[in-house]
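Have a look at the structure below, then the notes.
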Amino acid sequence: MITWSARSPELPPYSVAFGHGRHRRVLDLPLVVWLAVIWVLLWGTFSWANLVNGVVVAVLLCLAFPLPPADLGLRLHPWGILKLLLYLLWDMWISGVRVTKQIFVDYPHRAAVLAIPLRCRSELMLTATAVAVSNVPGGSVIELRRATATLFVHVLDADDPKALETARRSVWRTEELTVRAFGSREEIARVSADPRQEDAT
Amino acid sequence: MNPTPWAQAADTVGAFLVFLGAAICLLGSIGLVKLPEVLSRSHAATKPQALGILLVLVGVALRLRTGIDAGTLALIIFFQLLTGPVASHLVARSAYRTGGVHADLLFDDLDEQLSEEPDMPRSHPRPDPDREDAAPKDGPEDGHTPGGG
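Protein chains in written order, with the numbering used here: chain A, 1 to 201; chain B, 1 to 149.
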């Protein structure tokens, strides 16, 4: 018996379920597509045989190592992804230059661990934000508290209040762009709010 | 294969990008040696490195100039940017939890919250007197005034 996600609301979007009870398996089709794309890219040549093999391997992988059938809340917004990529590129450049400067300036850095409350709540978005922040000047992520959605980052030059403010703003900006690129509608509404007001409640 | 001007231009730009990326990686490595402690070093180890590998791979893509190779390189960039933070986070986290970084910190928001958790025994005494005067943490409004310098 095969069920498409369009017919049964308890399945995650774009997935197929078949089998009963203990043998029930849910195939996440975007995951299959993604694995097949990786397969073709790793082989380095595009041919139909390659593509078919990739799909077969992807399906076998998904059947052998089933993930829990949960909706991760991953949505793709092409325009948002483009904006996120451009912002990250720009930020990586800035942060590379800044860290390089900090390396070659000879004064003791007073570093600190700064708690930054985030606005998004879904685990995937928190993870994506943390990964994005790690690559940009906000700081190195030390800890992410899921219950309170708080990100703890290590900031160089923390004795300058302006630098702390910049770090916070940078993290919030990254968060907003990340969620606008990958988030569901509720998450986007959440990150559109002013972080300080949200925090006051 | 005789090189067209465009191919030559792409080759030159590619070579320049590879050089720039390598130079940025080198600067990051120097920072790894120069900076004082683990967490600062993780800045030097991750950020210039990420930018460097990105530039090197874009440079390589400009020299290879085939669609499928560009796809593979994009895949490498993707996984590099995705896994680098995980590694640096694990290093930072273990360095933080085994102690030894507190003395160097100006203030530390995480420390208080860790102390509040009953199921998380702290392995090291708290050596930082700078933060005694700070209010309990509940948001960025309370403005961290740098105490003691």
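Note that CB positions come from ideal geometry on N, CA and C, so glycine has one too.
Taking the CA atoms as reference points, A/Thr3 sits about 41 Å from A/Val171. When the Cα atoms are used, A/Asp194 and B/Gly67 turn out to be separated by approximately 42 Å.
Here A/Arg75 is near A/Phe182, since their CB atoms are less than 8 Å apart. Apart from sequence neighbours up to five positions away, the residues of its chain that approach B/Ser88 with a beta-carbon distance below 7 Å are Ser42, Ala45, Thr46, ordered along the chain.
Within the model, the alpha-carbon separation for A/Arg119 versus B/Trp6 is close to 47 Å. Membership of A/His154 in the beta strand (DSSP E) is indicated by the continuous run 150-155.
Rounded to the nearest whole angstrom, the CA to CA distance from B/Leu110 to B/Glu37 is 18 Å. Contact of B/Ala23 with chain A is not assigned, every C-beta pair being separated by 8 Å or more. Considering only A/Leu177, A/Arg190, A/Ser192, the residue with the shortest C-alpha distance to A/Pro78 is A/Leu177. Runs of the beta strand (DSSP E) spanning 3 or more residues and lying entirely within the stretch 98-132 of chain A occur at 111-117, in chain order. Against chain A, the beta carbon of B/Pro3 has no neighbour under 9 Å; the closest one sits roughly 24 Å away. The way I'd put it, the stretch 28-45 of chain A does touch the stretch 61-76 of chain B; three or more beta-carbon pairs between them come closer than 8 Å. B/Arg93 sits close to A/Ile142, with the two beta carbons spaced by under 8 Å. Under DSSP, B/Phe78 shares a beta bridge with no residue. A/Leu151 is positioned such that its CB atom lies closer than 8 Å to that of A/Ala130. Buried is the label assigned to A/His154, since at least 16 other Cβ atoms lie within 10 Å of its Cβ. Looking at the DSSP output, A/Glu143 bridges to A/Phe152. In the structure shown, A/Ala17 falls within a strand segment according to DSSP collapsed to helix, strand and coil.
Assigned with DSSP and collapsed to three states, B/Phe107 falls in strand. For A/Val37, the uninterrupted alpha helix (DSSP H) segment begins and ends at 29-43. In the three-state scheme derived from DSSP, where H, G and I count as helix and E and B as strand, A/Arg25 is classed as strand. Between A/Met125 and the set A/Val40, A/Ile188, A/Ala58, the nearest pair of CA atoms involves A/Ile188.
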